[in-house]
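Below is one structure, written out as structure tokens; the observations come after it.
Residue numbers (the working numbering): 1 to 131.
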């Protein structure tokens, strides 16, 4: 069982590294503003979220390994109160808290040192990412 988990973790790390290289070569959010405060949140999304949730929020349902669901068009992101999304970012999502099928790994928690302005990131997820 431990060996299976180890192999799965290695596969996810390699997949995430490959995805990071692919994201660096593509123009992410071509219609997003390139100056001001919104650029900061777009870059924060690229840094902390895009590897698992996709460069444009499309998720990784079609890729292997499946790392995370789509955020663009996601009813939870669109309609949940900001506080609920902040809680998922800060505390992660594991076990029974998960809303999606079991092929996705657990979402890790991101503290204040990793996501310094969680309110701005959530606003970006609810507005610009949904365009």
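In this text, a Cβ means the ideal position worked out from N, Cα and C, and glycines have one as well.
So what does residue 93 bridge to, in DSSP terms?
-> 107
Exposed or buried, what is residue 34 when buried is set at 16 or more other beta-carbons lying within 10 Å of its beta-carbon?
-> Reliability of the predicted coordinates at residue 34 is poor, the pLDDT of 45 falling under 50, and the value obtained from them is presented with this limitation in mind. Label assigned to residue 34: exposed.
Helix, strand or coil: how does DSSP classify residue 75 here?
-> helix
Where the alpha helix (DSSP H) through residue 123 begins and ends = 118-126
Would you call the CB atoms of residue 44 and residue 122 closer than 8 Å?
-> no
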